[in-house]
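*Asks:* Quick note: the sequence shown uses the working numbering, first residue 1181, plus one each step.
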Amino acid sequence: MNFLAHAFLSFDQEKILVGNFIADFVKGRQIENFEEEIKRGIFLHREIDLFTDSHPLVKAGQSYLRPKFGHYSTVITDVFFDYFLIKNWSEFSASTVEDFIQKTYDTLDRHEDIFPERFANMYYWMKKDNWLLHYGEVEGIRRSLTGMAKRTRFDSKMEEAHLALIEFEDEFEVIFFAFFRELETFARQKLSELASHL
């Protein structure tokens, strides 16, 4: 899952959201540097990613991408799902997506003193260029994936992936709706389990 989905799946719990955002930048024993609720957000992020990466509906969506993008299809579908989450935001939340995103930035700002350095550097640009909102536009998807393509060791062709979104938008949207409802239920249950164990 990409950043907006992780924010949504933090279910308005401030420190869960912070952990959810920094999770990919916390390695090994570094997790011991954080308080319990932040840790739960980190673990939740990892559980969400495992559930997503192994789900047959997600793999079905990636089948449209693998012939051209290979293993980068995983990253691309994560970004595509944020596009569909914004496009269909009113199906999932009573607030506007703009208000939710601003609240997300405000929450993260309150905890910037605990950000891992690499996340802090990325977050500066995320907020400055409002990545979270721009995931809702094909041009925003193009810019995001082009930026990722520049950081890959190999020719990922991700700068062209927005064309696949245009070509297969209807198919991906059906997959998104079927999958995301399951993911939301899973994340709520997993967060409850983590609360009782951590």
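Heads up, the beta-carbon is just placed ideally off N, CA and C, and yes, glycines get one too. Quick caveat, the model's predicted, so the values are computed rather than measured.
Using DSSP with H/G/I as helix, E/B as strand and the rest coil, what is Met-1328?
*Replies:* Of the three classes helix, strand and coil, the one that applies to Met-1328 here is helix, per DSSP.
*Asks:* Let me know if Thr-1284 comes out buried or exposed under the rule of 16 or more other beta-carbons within 10 Å of its beta-carbon.
*Replies:* Classification of Thr-1284: buried, given that the 10 Å Cβ count is 16 or more.
*Asks:* Run the CB neighbour count on Lys-1370, radius 10 Å, all protein chains shown included, and call it buried at 16 or more, exposed below.
*Replies:* Flag for Lys-1370 reads buried.
*Asks:* Count the other CB atoms within 10 Å of the CB of Lys-1207; is the residue buried (16 or more) or exposed (fewer)?
*Replies:* So Lys-1207 counts as exposed.
*Asks:* Step through the CB atoms of chain D and report whether any lies within less than 8 Å of the CB of Lys-1195.
*Replies:* No chain D is part of this structure, which consists of one protein chain only.
*Asks:* Of all the options Phe-1360, Glu-1212 and Arg-1226, which has the alpha carbon lying nearest to the alpha carbon of Asp-1262?
*Replies:* Per the Cα distances, Phe-1360.
*Asks:* With burial defined as no fewer than 16 other Cβ atoms inside 10 Å of the residue's Cβ, what is the status of Leu-1230: buried or exposed?
*Replies:* With fewer than 16 Cβ atoms within 10 Å of its Cβ, Leu-1230 is classed as exposed.
*Asks:* Compute the distance between the beta-carbons of Ile-1281 and Val-1318, then report whether it is under 8 Å.
*Replies:* Contact flag unset, no.
*Asks:* Leu-1237 to Gln-1193, Cα distance in whole Å?
*Replies:* Near 28 Å, if we compare the C-alpha coordinates of Gln-1193 and Leu-1237.
*Asks:* Leu-1230 lies in the alpha helix (DSSP H); which residues open and close that run?
*Replies:* Per DSSP, Leu-1230 belongs to the alpha helix (DSSP H) from 1216-1234.
*Asks:* Do you know offhand how far Phe-1295's Cα is from Ile-1202's?
*Replies:* Cα to Cα, Phe-1295 sits roughly 7 Å from Ile-1202.
*Asks:* Please report the residue range of the alpha helix (DSSP H) in which Trp-1269 lies.
*Replies:* Note, Trp-1269: premise wrong, no alpha helix (DSSP H); not H, not E.
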